[in-house]
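Working notes for the structure below.
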Amino acid sequence: MENKLVSIIILNLNGYEITRDCLRSVEKNTVYPNYEILLIDNGSTDGSAERLKAEFPQIHLLKNEFNKGFAYGVNQGYREGRGHYLFHLNNDTEVTEGWIEEALKTLESDPKIALAGCTEINKEQLDDPHALRKLKGRRDRTVMTVPVAWVLRKKTIEEIGYLDAEHFSPIYGEEMDWNYRARSKGYKIMRSARCLIAHYHSVTSKANLGKEKTYLLANTHRLRSMLINLNMFQLVRYAPGLALIFFNSFREGLAVALLKSYWRNILDLPMIMEQRRRRKKNPYIPFLEPVFTPPFEMKKKS
Numbered sequence: 007m008e009n010k011l012v013s014i015i016i017l018n019l020n021g022y023e024i025t026r027d028c029l030r031s032v033e034k035n036t037v038y039p040n041y042e043i044l045l046i047d048n049g050s051t052d053g054s055a056e057r058l059k060a061e062f063p064q065i066h067l068l069k070n071e072f073n074k075g076f077a078y079g080v081n082q083g084y085r086e087g088r089g090h091y092l093f094h095l096n097n098d099t100e101v102t103e104g105w106i107e108e109a110l111k112t113l114e115s116d117p118k119i120a121l122a123g124c125t126e127i128n129k130e131q132l133d134d135p136h137a138l139r140k141l142k143g144r145r146d147r148t149v150m151t152v153p154v155a156w157v158l159r160k161k162t163i164e165e166i167g168y169l170d171a172e173h174f175s176p177i178y179g180e181e182m183d184w185n186y187r188a189r190s191k192g193y194k195i196m197r198s199a200r201c202l203i204a205h206y207h208s209v210t211s212k213a214n215l216g217k218e219k220t221y222l223l224a225n226t227h228r229l230r231s232m233l234i235n236l237n238m239f240q241l242v243r244y245a246p247g248l249a250l251i252f253f254n255s256f257r258e259g260l261a262v263a264l265l266k267s268y269w270r271n272i273l274d275l276p277m278i279m280e281q282r283r284r285r286k287k288n289p290y291i292p293f294l295e296p297v298f299t300p301p302f303e304m305k306k307k308s
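Numbered by the working numbering, the letters in the sequence shown go through residues 7 to 308 in order.
The following block contains the structure:
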């Protein structure tokens, strides 16, 4: 395989320590010889962007004056990245040796694969060589979505478009929506069994939004992506899973937040129906400035 340039895209928002650890793991475990790192800072107020640039001078830093949302930040990386491949990596992750090569093997195994995602592991598995060998013995598989780390060809963006920063701001659901759009064009989404990524689960979101708003956003946008992209038969198939989420919300003390997510989508039904009609004609989404809504503003620092 020719070593074509890979643009690694990492977002940061007031997360110096976790982003630093992510970048250190990339430095330590990346043997692929041709890559660049784009750090998209989404309006940090803690000086983390400057500290990270000082510690990792080789990164390309793009600074936003305020938090423009996850989708917009990734889209900036897609637009500015010079690579043949674009590799998004959550900042609350640590990579393992050979991660780029393994993801590219999966992506290039079939021209109808639009995106290859990594397999998530926990910290204990990351520190256990035996567990890592066992995990790398598994096979790649087709999946619906891979929300943490994924690679695609830059030319695929030209066909399918960018993440939808207009209807999925500030975070969640955008990668699921993109994957639905890719599948509607006949592409597959694959998870690479041997590209292993340790993930620490929504560290940035919970720190900046709080647990309840994180849950509200995740469920609002997950349901929205399904309502926009799936037909009635497909929606019925997912009903048992949605019912399980509903019952679990009571156990977690988040039922009110879940009901709010339903209500928000009811209010947005005109937009959802318009997007359904538009996506059937053309699923392409251009690069757009994000639109924010007041209920999802970041927590104010005390």
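The C-beta atom is built at its ideal place from N, Cα and C for all residues, glycine as well. These figures come from a predicted structure and were not determined experimentally.
Between which residues of its own chain and residue i is the CB-CB distance below 6 Å, once the five residues before and five after are set aside?
i	result
residue 307	Confidence at residue 307 is low in this model, with a pLDDT of 39, below 50, so its placement is unreliable and the value that follows should be read with caution. Nothing meets the Cβ criterion.
residue 200	108, 142
residue 47	18, 55, 69
residue 10	90
residue 178	223, 224, 227
residue 294	171, 172
Taking its Cβ as the centre, do 16 or more other Cβ atoms sit within 10 Å of residue i, making it buried, or is it exposed?
i	result
residue 181	buried
residue 76	buried
residue 204	buried
residue 225	buried
residue 97	buried
residue 82	buried
residue 116	exposed
residue 112	buried
residue 271	buried
residue 232	buried
residue 53	exposed
residue 187	buried
Please report the straight-line C-alpha distance between residue i and residue j, rounded to a whole angstrom.
i	j	result
residue 107	residue 38	7 Å
residue 51	residue 19	8 Å
residue 68	residue 95	16 Å
residue 246	residue 34	43 Å
residue 175	residue 8	37 Å
residue 198	residue 189	17 Å
residue 288	residue 140	42 Å
residue 22	residue 74	18 Å
residue 57	residue 49	14 Å
residue 84	residue 71	19 Å
residue 243	residue 61	49 Å
residue 118	residue 110	14 Å
Ordered along the chain, which non-local residues of its own chain (more than five positions away) have a Cβ less than 8 Å from that of residue i?
i	result
residue 292	167, 168
residue 87	13, 15, 42, 44, 160
residue 251	225, 264
residue 147	196, 197, 199
residue 257	none
On the premise that residue j lies in contact with residue i, defined as a C-beta separation below 8 Å, what is that separation, rounded to the nearest angstrom?
i	j	result
residue 128	residue 150	The pair is not a contact, with the Cβ atoms about 22 Å apart (cut-off 8 Å).
residue 24	residue 206	7 Å
residue 154	residue 126	6 Å
residue 66	residue 44	5 Å
residue 122	residue 157	5 Å
residue 132	residue 103	Not really, about 11 Å apart at Cβ, beyond 8 Å.
residue 285	residue 235	7 Å
residue 255	residue 264	4 Å
Given residue i, which residues of its chain have a CB within under 7 Å of its CB, disregarding the five upstream and five downstream residues?
i	result
residue 267	222, 225, 226, 229
residue 282	234
Have a look at the options and flag the residue whose alpha-carbon is nearest the alpha-carbon of residue i.
i	options	result
residue 63	279, 29, 40	29
residue 280	244, 242, 196, 173	173
residue 36	202, 136, 144, 163	202
residue 262	295, 275, 274, 217	217
residue 290	253, 278, 165, 183	165
residue 31	78, 274, 59, 105	105
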